[in-house]
Amino acid sequence: MRFGLLGPLTAQDAAGPLVIGSTKVRILLGILLLKRGQVVSSDDLKAALWGTALPATASSSLHNHVTRLRRTLGPEGATRLRSVPPGYVLDVDRGALDSDRHEELLGTARTARLREDWPTVRRACAAALELWRGSPLADLPGLGHSLQYGPGLQALDEARLVALEWRCEADLWLGRYDGLAAELYALTEQHPLREGFHRHLMVALHRTDRQAEALAVFHRLRRILADELGVSPGRAVQEALADILRGHGEPTSEAPASAPAPAPVTAQTAGDGTASPATGHIPAQLPPVSRYFSGRRAELARLDALLDDARRHAGTGPIVVSGPGGVGKTTLAVHWAHRVRTDFPDGQLHLNLRGFAPDGSAVTPDGALRSLLEGLGVPRARVPASQEARTALFRTLTDGRRYLILLDNARDAAHVRPLLTGSTTSLTVVTSRDQLLGLVAVEDAQPVALDVLSPDEARELLTARVGHARVAADPGAVDEAVELAARLPLALAVVGARAAVTPALSLTRLVERLRRARGLDAFTGSDAWSDVRAVLSWSYETLSTDAAHLFRLLAVHPGPAITVSVAGSLAALPSPRVHALLTELAEANLVTEGADGRYAFHDLLRTYAVELGEQADAGTSRRTALRRMTEHYLHTAQRGALLMDPQLAPVGLPPKAGRGVDPEHLADIGEAREWFTGEHPALVETVVRAGAAGLDLACWQLAYVLKTYLSWGGHWADGAKVQTAALEAAERMGDATARARAHRSLAAALRWTARDPEAGTHLRRALDLFSAEGDLLGQADVHLDLAGRYEQRERPDEALNHNQRALDLFRALGHRSGEAKALNNVGYFQALLGNHAEALAMCDAARLVFEELGDRRSLALTWDSLGVVHQETGDLERAAHCFRVSAEGLREVGAAYHEAVALDHLGDVESAAGRPERAREAWQGAWELLDVLRHDDAEAVGRKLGR
Numbered sequence: 000m001r002f003g004l005l006g007p008l009t010a011q012d013a014a015g016p017l018v019i020g021s022t023k024v025r026i027l028l029g030i031l032l033l034k035r036g037q038v039v040s041s042d043d044l045k046a047a048l049w050g051t052a053l054p055a056t057a058s059s060s061l062h063n064h065v066t067r068l069r070r071t072l073g074p075e076g077a078t079r080l081r082s083v084p085p086g087y088v089l090d091v092d093r094g095a096l097d098s099d100r101h102e103e104l105l106g107t108a109r110t111a112r113l114r115e116d117w118p119t120v121r122r123a124c125a126a127a128l129e130l131w132r133g134s135p136l137a138d139l140p141g142l143g144h145s146l147q148y149g150p151g152l153q154a155l156d157e158a159r160l161v162a163l164e165w166r167c168e169a170d171l172w173l174g175r176y177d178g179l180a181a182e183l184y185a186l187t188e189q190h191p192l193r194e195g196f197h198r199h200l201m202v203a204l205h206r207t208d209r210q211a212e213a214l215a216v217f218h219r220l221r222r223i224l225a226d227e228l229g230v231s232p233g234r235a236v237q238e239a240l241a242d243i244l245r246g247h248g249e250p251t252s253e254a255p256a257s258a259p260a261p262a263p264v265t266a267q268t269a270g271d272g273t274a275s276p277a278t279g280h281i282p283a284q285l286p287p288v289s290r291y292f293s294g295r296r297a298e299l300a301r302l303d304a305l306l307d308d309a310r311r312h313a314g315t316g317p318i319v320v321s322g323p324g325g326v327g328k329t330t331l332a333v334h335w336a337h338r339v340r341t342d343f344p345d346g347q348l349h350l351n352l353r354g355f356a357p358d359g360s361a362v363t364p365d366g367a368l369r370s371l372l373e374g375l376g377v378p379r380a381r382v383p384a385s386q387e388a389r390t391a392l393f394r395t396l397t398d399g400r401r402y403l404i405l406l407d408n409a410r411d412a413a414h415v416r417p418l419l420t421g422s423t424t425s426l427t428v429v430t431s432r433d434q435l436l437g438l439v440a441v442e443d444a445q446p447v448a449l450d451v452l453s454p455d456e457a458r459e460l461l462t463a464r465v466g467h468a469r470v471a472a473d474p475g476a477v478d479e480a481v482e483l484a485a486r487l488p489l490a491l492a493v494v495g496a497r498a499a500v501t502p503a504l505s506l507t508r509l510v511e512r513l514r515r516a517r518g519l520d521a522f523t524g525s526d527a528w529s530d531v532r533a534v535l536s537w538s539y540e541t542l543s544t545d546a547a548h549l550f551r552l553l554a555v556h557p558g559p560a561i562t563v564s565v566a567g568s569l570a571a572l573p574s575p576r577v578h579a580l581l582t583e584l585a586e587a588n589l590v591t592e593g594a595d596g597r598y599a600f601h602d603l604l605r606t607y608a609v610e611l612g613e614q615a616d617a618g619t620s621r622r623t624a625l626r627r628m629t630e631h632y633l634h635t636a637q638r639g640a641l642l643m644d645p646q647l648a649p650v651g652l653p654p655k656a657g658r659g660v661d662p663e664h665l666a667d668i669g670e671a672r673e674w675f676t677g678e679h680p681a682l683v684e685t686v687v688r689a690g691a692a693g694l695d696l697a698c699w700q701l702a703y704v705l706k707t708y709l710s711w712g713g714h715w716a717d718g719a720k721v722q723t724a725a726l727e728a729a730e731r732m733g734d735a736t737a738r739a740r741a742h743r744s745l746a747a748a749l750r751w752t753a754r755d756p757e758a759g760t761h762l763r764r765a766l767d768l769f770s771a772e773g774d775l776l777g778q779a780d781v782h783l784d785l786a787g788r789y790e791q792r793e794r795p796d797e798a799l800n801h802n803q804r805a806l807d808l809f810r811a812l813g814h815r816s817g818e819a820k821a822l823n824n825v826g827y828f829q830a831l832l833g834n835h836a837e838a839l840a841m842c843d844a845a846r847l848v849f850e851e852l853g854d855r856r857s858l859a860l861t862w863d864s865l866g867v868v869h870q871e872t873g874d875l876e877r878a879a880h881c882f883r884v885s886a887e888g889l890r891e892v893g894a895a896y897h898e899a900v901a902l903d904h905l906g907d908v909e910s911a912a913g914r915p916e917r918a919r920e921a922w923q924g925a926w927e928l929l930d931v932l933r934h935d936d937a938e939a940v941g942r943k944l945g946r
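The sequence shown lines up with residues 0 to 946 when you count with numbering that gives the first Met the number 0.
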């Protein structure tokens with residue numbers, strides 16, 4: 000599939016253009032394309048679609064818009080639009096966007112400019128400009144004003160203007176003057192503050208013997224800049240003016256990377272003995288660009304947008320590029336600085352502040368100012384003695400000039416403040432492991448946060464380092480290496496270096512060595528700067544004692560992310576205190592705070608935390624932390640499970656959690672579902688870890704209370720995983736009832752994972768144990784499960800028999816909820832056997848009980864049974880109504896599989912009633928749910944859709 004962003008939104012597949020009619024669906028697609036490969040939260044999507052006036056049905060409406068978009072994109076596109084908590088992500092191949100081709104052509108032009116290959120520059124820029132059909136996403140004007148999506152669109156438009164500037168520049172070098180002045184006149188009117196167009200216009204007019212007009216262009220630009228921004232034209236324009244006044248008509252021979260060059264600055268002595276700017280020195284101190292730089296397209300676009308904003312609004316505060324050690328902050332900053340250095344013709348300064356140097360040799364502000372002043376050409380003897388005087392001189396020399404200043408590896412905000420210019424025309428870029436919140440808050444710094452690379456970017460980086468031939472020979476090994484390196488650029492660089500120095504070693508063998516290595520030993524380099532463990536330690540060593548202890552304890556949590564509440568129980572600290580410590584870790588970029596308020600770190604940081612914990616903390620301390628965390632999850636999960644299913648028999652927990660444990664207080668089923676969804680991966684792994692640590696009772700109990708959520712949501716593989724751990728724990732405890740419940744719960748999960756024979760074995764074992772214990776309720780529940788198993792195997796007579804036995808047991812016990820479930824099931828099978836009147840009476844009686852008990856899921860399932868009864872009698876309208884009510888109720892409680900069943904039934908009824916569009920919409924909804932669940936029934940529903 001291909002998509003167009005460079006104008007009104009377009010989409011096409013192999014068959015041709017796709018029609019995306021709804022404005023909201025177009026906005027949805029536009030946002031997902033701008034954020035391709037990134038999860039966009041449902042809250043952000045709802046805000047973009049409806050603003051602050053969210054309708055009550057916003058969540059369901061968003062779901063419907065996503066469904067329509069999937070339907071529009073067809074089978075291929077629909078599989079790429081995935082639901083990933085807390086929202087959605089659209090997977091789009093590199094090259095599928097017209098902006099990808101534009102970026103590629105601009106890269107060709109950039110390389111050709113450096114070689115002064117002007118025909119290639121012109122061809123590449125002209126081809127790039129032909130891709131434009133108007134303003135980016137011109138039919139979605141609201142996005143351009145969004146703080147969240149506007150910068151991305153501005154970055155696209157900036158790329159268009161760069162292509163225009165470079166094409167005009169190439170025309171000047173190639174002597175293609177015909178019509179050029181007219182085009183440039185129009186461009187200067189459209190972009191009155193863009194000096195590049197004015198400079199090109201002045202040169203074009205001068206070379207076609209229109210010197211008076213060229214001078215008039217300069218004076219007009221000078222007035223505009225003075226009135227709007229209070230600045231003078233930059234060096235490039237000033238040099239063009241000088242050429243005109245000298246009568247030079249041909250371009251200079253300087254390469255474009257260093258030209259046009261402004262009047263340089265050095266320091267001369269004024270009458271009062273201080274330094275003052277003069278000509279003769281242009282610093283060019285940027286380190287070399289890494290030849291292996293890859294990815295970071297979103298971050299580069301953010302940096303470009305910030306620079307463009309600085310041009311339009313008379314400067315900006317410093318830019319802070321922050322992130323954990325080894326994430327590539329310096330590499331990104333240097334790469335971008337080289338890309339934009341021609342915007343700063345007065346020079347580029349670079350200084351490594353060594354804020355996290357292992358030997359404590361950080362550059363002091365005094366020393367940094369001396370280096371910066373010397374970089375500006377101030378003789379050492381003329382550098383003032385005091386820090387205040389140095390700062391004042393530095394700001395004087397940079398005032399009104401265009402310098403790019405890269406301050407690398409700052410320790411904190413205080414390390415940087417004395418080094419900031421007061422100029423609105425210069426730009427300072429700071430890199431740091433610290434978030435430098437003080438600069439953001441007080442100096443209006445603009446943050447650019449880095450995390451590990453995306454999987455595609457990481458593969459791209461490793462491929463660049465080891466070569467395409469070796470990657471083609473071992474493609475699977477590259478993917479595993481990327482995973483082992485946790486997509487951390489430094490770790491990938493170490494892997495690439497090892498591959499480079501052992502060219503005869505296959506990548507498969509190299510990955511085997513990485514896998515066998517202990518902890519971070521796989522990523523050690525020849526010196527501290529290339530040793531992942533050492534690089535991470537420099538951040539850890541800056542932490543307070545309490546924050547360091549919490550960092551080590553976070554490795555006890557299975558991940559991928561932890562909330563403040565869970566961290567509080569893990570560390571036995573009140574929420575305000577643990578929040579302060581997590582903030583300290585986040586500011587040190589040892590954890591990352593997500594949009595949902597959870598904190599996470601990448602796998603290598605987790606490995607480092609494990610190593611530190613094993614060295615610094617006793618095993619009993621870590622086991623106690625695991626017990627507290629498990630207890631937190633157990634108490635909260637039981638509360639959530641009872642909100643979802645009020646008829647669930649609870650496990651025996653003390654009314655109050657243990658010391659240091661503060662469970663979460665869920666108010667309703669909506670909060671319960673949201674909590675389970677957010678904690679899902681951690682809950683599953685906590686059951687396994689608790690069992691491995693010998694916390695058998697907690698392991699079994701947590702697995703038991705998770706059954707409702709995992710089963711209703713169709714998470715059967717995870718259900719099998721936790722119930723297997725629970726059964727092993729129950730066997731170790733020797734508790735017959737716990738073993739019986741674990742056998743039953745495991746069977747329920749195995750039924751849906753193509754392991755039906757095993758499910759039957761576990762159900763029979765559960766029935767034997769319940770019978771031996773004289774547990775009639777347990778026996779009744781197993782008979783219901785056996786009935787469901789026989790229904791799945793299309794043996795209705797045996798299913799009806801087990802349902803009847805369950806009904807008899809529930810009635811004998813006076814268990815109304817169980818009796819109603821059995822009644823509903825018996826009624827369903829009676830309908831299939833043709834006993835419609837009896838079926839309707841039983842299902843309706845069950846409905847009334849569930850309404851009285853407030854059992855929403857069982858009520859919704861009963862509406863599905865009623866729909867089947869009416870369908871069997873030919874009453875299609877009543878059947879459709881019942882199925883709609885059922886599907887809506889099941890959606891509200893999060894019972895995904897049974898919602899899909901109800902929608903499939905609805906589609907069948909709508910088709911039989913002669914409403915094919917409604918039928919297709921219902922089947923599409925069912926297919927999407929089943930596809931997400933990877934359920935075999937998706938194939939049958941897909942055939943109804945013609946898939």
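All C-beta atoms in this analysis are idealised placements derived from N, C-alpha and C, irrespective of residue type, glycine included.
query	result
Strand pairing of Q445, partner residues [DSSP]	I318
Test item: CB-CB of D780 and R743 under 8 Å	yes
Spatial neighbours of L220 in its chain, beta-carbon cut-off 6 Å, leaving aside the 5 residues before and after	H197, P232
Whether V236 touches G399 by CB criterion (8 Å)	no
Inter-residue spacing [alpha-carbon to alpha-carbon] between H814 and D774	13 Å
Local conformation of A10 per DSSP, three classes	strand
C-alpha distance - D602 paired with A468, whole-angstrom precision	28 Å
Inter-stretch contact (C-beta, 8 Å, three-pair minimum) for the stretch 109-120 and the stretch 93-101	no
Cβ pair S293, E456 closer than 8 Å	yes
DSSP state of A266 mapped onto helix, strand, coil	Confidence is the limiting factor: at A266 the pLDDT is only 41, short of 50, which leaves the residue's position unreliable, though a coordinate-based value still follows. Note: A266 maps to strand in three-state DSSP.
Nearest-angstrom beta carbon gap, E164 and G195 [assumed within contact, 8 Å]	4 Å
Residue environment, E227, which counts as buried when at least 16 other CB atoms sit within 10 Å	exposed
Bridge partners - H467, DSSP secondary structure assignment	BP columns for H467 are empty, so no partner.
Cβ-based burial, W926 [other Cβ within 10 Å; buried from 16]	buried
Pick from L130, Y184, V500, S568 that is closest to H556, judged by C-alpha positions	S568
Contacting residues, own chain, Cβ-Cβ under 6 Å from D407 (five flanking each side not counted)	T329, N351, T430
For N800, the first and last residue of its enclosing alpha helix (DSSP H)	795-812
Top-ranked residue by Cα proximity to L611, from L519, P680, L487	L519
From E850, E851, A859, K820, residue whose alpha carbon lies closest to that of M841	K820
Residue range of the alpha helix (DSSP H) that includes H349	No alpha helix (DSSP H) holds H349; the beta strand (DSSP E) holding it covers 346-351.
Three CB pairs or more closer than 8 Å across the stretch 825-843 and the stretch 868-878	yes
Three-state class that DSSP yields for F550 in the structure shown	helix
Assigned secondary structure, R914 (DSSP; H/G/I helix, E/B strand, else coil)	coil
Residues near G593 in its chain [Cβ-Cβ closer than 8 Å; skip 5 each side]	A560, A599
Inter-residue Cα distance where the pair is P135 and E102	14 Å
Span of the beta strand (DSSP E) around A409	402-409
Beta-carbon separation (whole angstroms), D545 vs L580, contact threshold 8 Å	6 Å
Segments assigned alpha helix (DSSP H), at least 4 residues, entirely inside the stretch 558-603	563-570, 574-586
DSSP state of R1 mapped onto helix, strand, coil	strand
Local Cβ density within 10 Å of H761, reported as buried at 16 or more and exposed below that	buried
Under 8 Å between C-beta atoms of V202 and L171	yes
Presumed contact (8 Å Cβ cut-off) between G608 and R551, rounded CB distance	Sequence inspection shows Ala at residue 608; the Gly mentioned does not correspond to that position. So it is a contact: roughly 6 Å between Cβ atoms.
Under the three-state DSSP convention, the category A283 falls into	strand
Coil, strand or helix - V230 by DSSP	coil
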